[in-house]
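Residues 2 to 45 in this note's numbering are what the sequence shown spells out, letter by letter.
Note that beta-carbon positions come from the ideal geometry of N, C-alpha and C, so glycine has one too.
Everything on this sheet refers to the single structure shown next.
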Amino acid sequence: EELAANPFHALFFVVFMILACALFSKTWIEVFGLSSRDVGNAVD
């Protein structure tokens with residue numbers, strides 16, 4: 002219902018979330034020096 006009423010808002014939200022996640026992951030790697038492989042090895 003909301004999506005049909007305002008598709009640009011939904012598109013903006015999706016793009017914003019993707020960019021926010023990318024920025025967060027880039028910052029995490031720079032600060033903690035942990036790549037996804039390092040985290041996977043730590044879980045084992």
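Short of 6 Å in beta carbon distance, which residues of its chain neighbour residue i, apart from the five on each side in sequence? Order them along the chain.
i: L46; result: What is shown of the chain runs 2 to 45, which leaves residue 46 out entirely.
i: A43; result: none
In whole angstroms, what separates the C-alpha of residue i from that of residue j?
i: D39; j: M18; result: 24 Å
i: S37; j: N7; result: 36 Å
i: V16; j: C22; result: 10 Å
i: L35; j: L24; result: 15 Å
May I ask whether a heavy atom of the ligand NAP can be found less than 7 Å away from the beta carbon of residue i?
i: G34; result: Judged by which ligands are present, the structure shown has none, so any question about the ligand NAP falls away.
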